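Presented below is the structure to which this report refers.
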Amino acid sequence: MQHFQAAQVVDCQNSLGETPRWHSGEQALYWVDIRATTINRLHPSSGSQQTWKLPDLCGGLVIARDGLVVAMRRHLARFNPHDGSLVSLVDVEPAALDNRLNEMRCDPQGRIWIGSMRDFGTATTGSVYQIVSQVVV
Numbered sequence: 021m022q023h024f025q026a027a028q029v030v031d032c033q034n035s036l037g038e039t040p041r042w043h044s045g046e047q048a049l050y051w052v053d054i055r056a057t058t059i060n061r062l063h064p065s066s067g068s069q070q071t072w073k074l075p076d077l078c079g080g081l082v083i084a085r086d087g088l089v090v091a092m093r094r095h096l097a098r099f100n101p102h103d104g105s106l107v108s109l110v111d112v113e114p115a116a117l118d119n120r121l122n123e124m125r126c127d128p129q130g131r132i133w134i135g136s137m138r139d140f141g142t143a144t145t146g147s148v149y150q151i152v153s154q155v156v157v
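Each residue of the sequence shown is one higher than the one before, starting from 21 at the first, in the working numbering.
Written out as C-alpha cells, the structure is:
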C-alpha cells in the first residue's frame, strides 16, 4: 500500500475553490473560487499569491496562449493576468435554463470540454459542451 502525505501550501480561505491548473511557463498554480468570483495564482517557489476579482461566477479555467480561458456563468472569456482584462469569447449556455458553467478541461487537440449545472444542484438541466478553438495551448 502506498502512503501519501498532504501539506497545505496556502491558507487561501476559499468558499468554493476549484479547477487547480499548473502553468508550466510561469511555474505557478491557478485556481478559481466560484463563490468569491475570483481567479487566484500561487508561485510556490516564492509563496507569492495574487487574486483577481471577476464580475460574475467563474466555474473553471484552462491555460491558454496569452493568458487563460475562463468559464463565466454562461460564456467563455479570455483572462489576461498581466493586465486583468476579461474579453468575452463565446456564449455557451442559454440564459433561459438558469444554469451556470462548471468545470472545464482541454484535451490534447486543444478542444475545451465544459459542463453546466443548475446552481446548488436544484434541477437536472445541465449539459456537456465541446468548444473548438485555436486559443488554447
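Each residue gets a CB set at the ideal place from its N, CA and C atoms; glycine is no exception. Note that the coordinates shown come from a computational prediction; the quantities given were computed from them, not determined experimentally.
Residue i versus residue j - alpha carbon distance
i: phenylalanine 99; j: isoleucine 59; result: 9 Å
i: aspartate 127; j: tryptophan 133; result: 8 Å
i: proline 162; j: leucine 81; result: The chain is shown only over 21 to 157; residue 162 falls outside these bounds and no answer can be derived.
i: arginine 41; j: isoleucine 83; result: 7 Å
i: asparagine 34; j: tryptophan 51; result: 10 Å
i: tryptophan 72; j: leucine 106; result: 11 Å
Three-state secondary structure assigned by DSSP to residue i
i: alanine 116; result: helix
i: glycine 141; result: helix
i: valine 89; result: strand
i: asparagine 100; result: strand
i: valine 110; result: strand
i: asparagine 34; result: coil
i: leucine 77; result: coil
Within 9 Å, strictly: CB atoms of residue i and residue j
i: threonine 57; j: aspartate 76; result: yes
i: proline 101; j: arginine 61; result: yes
i: leucine 117; j: arginine 138; result: yes
Own chain, CB closer than 7 Å to residue i, minus 5 neighbours either side, in chain order
i: valine 152; result: Arg131
i: cysteine 78; result: Val52, Ile54, Thr57, Ile59, Val90, Ala91, Met92
i: serine 65; result: Gln47
Proximal residues to residue i (C-beta, below 6 Å), its chain only, five neighbours per side dropped
i: valine 148; result: Gly135
Same chain, Cβ closer than 8 Å to residue i, neighbours up to 5 away in sequence not counted
i: leucine 109; result: Val89, His95, Leu96, Ala97, Arg98, Ser153, Val155
Residue(s) in a DSSP beta bridge with residue i
i: valine 82; result: Val89
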